[in-house]
Amino acid sequence: DIDAHHGNGIADMIQFNPRLKYCSIHDKTRSSAFVVAEDESSEGDNISEIRTSRENDVGPLGNILNIELNKGTTWEKGYKDALVNKAVPFLKGESGGKNGGGRMPDIILVAAGFDALKADVTSSIDLIPSDFSLIGDVLQKEFGNRIAFGLEGKFIYKEDVFPERFVYFHKYEHIIVKGHISTCKFQ
Numbered sequence: 058d059i060d061a062h063h064g065n066g067i068a069d070m071i072q073f074n075p076r077l078k079y080c081s082i083h084d085k086t087r088s089s090a091f092v093v094a095e096d097e098s099s100e101g102d103n104i105s106e107i108r109t110s111r112e113n114d115v116g117p118l119g120n121i122l123n124i125e126l127n128k129g130t131t132w133e134k135g136y137k138d139a140l141v142n143k144a145v146p147f148l149k150g151e152s153g154g155k156n157g158g159g160r161m162p163d164i165i166l167v168a169a170g171f172d173a174l175k176a177d178v179t180s181s182i183d184l185i186p187s188d189f190s191l192i193g194d195v196l197q198k199e200f201g202n203r204i205a206f207g208l209e210g211k212f213i214y215k216e217d218v219f220p221e222r223f224v225y226f227h228k229y230e231h232i233i234v235k236g237h238i239s240t241c242k243f244q
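Listed below in structure tokens is the structure:
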């Protein structure tokens, strides 16, 4: 998930499925507003099933990776490292941990929101439109034709960069999933 906000709904859907993994690279300063605290009245191992954006929330099966980025993160100052050295090894099953082992995924579905742009007022991440091409290049190199991009919603911009952000994904247009998936059931 390259959207600047944590995808707690996606994490919630896959948390108990050992065949699925979810990785979110998100804005630490903005995602914290959506964190749901663990129920203090729970006893023993009865933890909340609601996923948070915190890096230590890996889900009950260890199949979730949250990567929190600080205010002002750019491609060269943090984002590239998060993608290449954390997200990719986790998704490829090379990162160890509870659910680190495994095989190459059959498919990588990328929740492709563009609110990590510096021009977007809903995020404090400072990517520029061409950085999305670099993200696509890394994913294509690591996963080949196993990737699909799902375009996410509309966001608020300080300047008109809406059309420009799509230009950098044009070379991947054959694998972009257009529209929204409103309901998903994994078998």
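Quick note on my numbering: the sequence shown kicks off at 58 and runs consecutively. Don't be surprised by glycine CBs; every beta carbon is placed ideally from N, CA and C. A quick note: this is a predicted structure, and the numbers were derived from the prediction, not measured.
DSSP beta-bridge partners of residue i
{"i": "Ala-168", "result": "Gly-207"}
{"i": "Gly-125", "result": "For the sequence presented, residue 125 should be read as Glu rather than Gly. Answer is His-83, bridged to Glu-125."}
{"i": "Leu-184", "result": "Leu-174"}
{"i": "Thr-131", "result": "Gly-135"}
Beta-carbon proximity check, residue i vs residue j, cutoff 8 angstroms
{"i": "Ala-168", "j": "Ile-82", "result": "no"}
{"i": "Leu-126", "j": "Ile-182", "result": "yes"}
{"i": "Phe-189", "j": "Cys-80", "result": "no"}
{"i": "Asn-120", "j": "Pro-75", "result": "yes"}
{"i": "Arg-111", "j": "Gln-72", "result": "no"}
{"i": "Asp-177", "j": "Arg-203", "result": "no"}
{"i": "Ala-173", "j": "Ala-61", "result": "yes"}
Segment limits, alpha helix (DSSP H) that includes residue i
{"i": "Gly-66", "result": "65–71"}
{"i": "Pro-146", "result": "145–149"}
Residue i versus the options, residue with shortest Cα-Cα distance
{"i": "Ile-165", "options": "Ile-185, Leu-196 and Leu-184", "result": "Leu-196"}
{"i": "Leu-191", "options": "Asp-138, Gly-129 and Asp-84", "result": "Asp-138"}
{"i": "Ala-122", "options": "Thr-131, Gly-135, Met-161 and Leu-77", "result": "Note on residue identity: the sequence assigns Leu, not Ala, to residue 122. Nearest option by C-alpha distance: Leu-77."}
{"i": "Asp-194", "options": "Glu-151, Ala-173, Lys-128 and Trp-132", "result": "Trp-132"}
{"i": "Leu-118", "options": "Met-70, Asn-142 and Leu-140", "result": "Met-70"}
{"i": "Leu-208", "options": "Phe-171, Gly-201 and Gly-129", "result": "Phe-171"}
{"i": "Asp-114", "options": "Asn-202, Lys-175 and Gly-64", "result": "Gly-64"}
{"i": "Lys-175", "options": "Ile-124, Lys-128, Arg-160 and Lys-85", "result": "Lys-128"}
{"i": "Leu-269", "options": "Gly-135, Ala-205, Gly-201 and Lys-85", "result": "Since the first residue of the chain shown is 58 and the last is 244, residue 269 is not available in this structure."}
{"i": "Lys-198", "options": "Lys-149, Asp-84 and Ile-124", "result": "Lys-149"}
{"i": "Met-161", "options": "Ala-205, Phe-206 and Gly-201", "result": "Gly-201"}
Any chain C beta carbon closer than 8 angstroms to residue i
{"i": "Asp-84", "result": "Considering every chain present, this structure includes no chain C. It has just one protein chain."}
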